[in-house]
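**Q**
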Amino acid sequence: MQTPIDLPGIKLFSLEGRTAIVTGGSKGLGLAMAAGLASAGARVMLVSRQGEQAIDAAMDLMDHYGLDAFGYACDVTDLESVQRMIQAAWVRWRRIDILINSAGINIRGPIDQLTASQFDQVMATNVRGTWNTCRSVLSVMKPAGYGRIINLASALGVVGLADRTPYSSSKGAVVQMTRTLALELAGQGITCNALCPGP
Numbered sequence: 055m056q057t058p059i060d061l062p063g064i065k066l067f068s069l070e071g072r073t074a075i076v077t078g079g080s081k082g083l084g085l086a087m088a089a090g091l092a093s094a095g096a097r098v099m100l101v102s103r104q105g106e107q108a109i110d111a112a113m114d115l116m117d118h119y120g121l122d123a124f125g126y127a128c129d130v131t132d133l134e135s136v137q138r139m140i141q142a143a144w145v146r147w148r149r150i151d152i153l154i155n156s157a158g159i160n161i162r163g164p165i166d167q168l169t170a171s172q173f174d175q176v177m178a179t180n181v182r183g184t185w186n187t188c189r190s191v192l193s194v195m196k197p198a199g200y201g202r203i204i205n206l207a208s209a210l211g212v213v214g215l216a217d218r219t220p221y222s223s224s225k226g227a228v229v230q231m232t233r234t235l236a237l238e239l240a241g242q243g244i245t246c247n248a249l250c251p252g253p
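Positions in the sequence shown are counted from 1; adding 54 to them yields the working numbering.
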């Protein structure tokens, strides 16, 4: 039988009792981060345009970690839809501690072969969607005096790569939005940070 390893600092990373919303949570990085949160003890809400995928993923997390998890269909580009999503989390938990904005899309191609509609589509999901969720969750986090917001940006938000004008523009905007919110919310118990995965 193995002897348990004593890790005195491990409780610093416990999220027991905390709640988290993860947009884009039904697959990819969003689902991986939701699983990480659940493994640390957090209750999680997985948000996706594909509600059935979010529900299935949440059921898998519940089965694996034995914690409350649920899926929710939401279009983050629609402010009213986002506000209903925040309300659903509040009704279920009476608190929202963590928001991870992972919902995003990427349309690639040379600028002269892309349409304005494609550019707008990427900006709507990646920028307005992030803005909508940050704005809406503050209705819960500000009164609580606590919150952790993590926005998924990208290395392409700070360095260039050909054929990525919509995506790079959107992720650069997310980086600046995050910096601005970090200053705006400083002193209110709410932090805002960005993760910039590589291409």
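Ideal Cβ positions, reconstructed from N, Cα and C, are used throughout, including at glycine. Everything numeric in this text was worked out from a predicted model, so none of it was measured.
Indicate whether M99 and F124 have their beta-carbon atoms separated by less than 8 Å.
**A** yes
**Q** For L266, which residues in the same chain have their Cβ closer than 8 Å to its Cβ, ignoring the five residues on either side in sequence?
**A** Lying outside 55 to 253, the shown extent of the chain, residue 266 is not represented and no answer is given.
**Q** Quick one: what does DSSP say Y200 is sitting in, helix, strand or coil?
**A** coil
**Q** To the nearest angstrom, report how far apart W147 and K65 are at their CA atoms.
**A** 22 Å
**Q** Consult DSSP for G71 and reduce its assignment to one of helix, strand or coil.
**A** coil
**Q** Might you give, ordered along the chain, the residues of its own chain that have their beta carbon closer than 8 Å to the beta carbon of T219, omitting 5 neighbours on each side?
**A** I165, L168 and F173
**Q** Alpha helix (DSSP H) containing R138: first to last residue?
**A** L133 to W147
**Q** Out of L192, G241 and I159, which one is the CA nearest neighbour of Q175?
**A** I159
**Q** Verify whether the separation of the beta carbon atoms of G84 and S156 is less than 8 Å.
**A** Their beta carbons are under 8 Å apart, which means G84 touches S156 by this criterion.
**Q** Looking at the structure shown, is T169 part of a helix, part of a strand, or coil, going by DSSP?
**A** Note: T169 maps to coil in three-state DSSP.
**Q** Using only alpha-carbon positions, find the residue among S208, T179 and K196 that is nearest to L235.
**A** K196
**Q** Helix, strand or coil for S152 per DSSP?
**A** Checking the sequence, you will find Ile at residue 152 rather than Ser. Here I152 sits in strand by DSSP.
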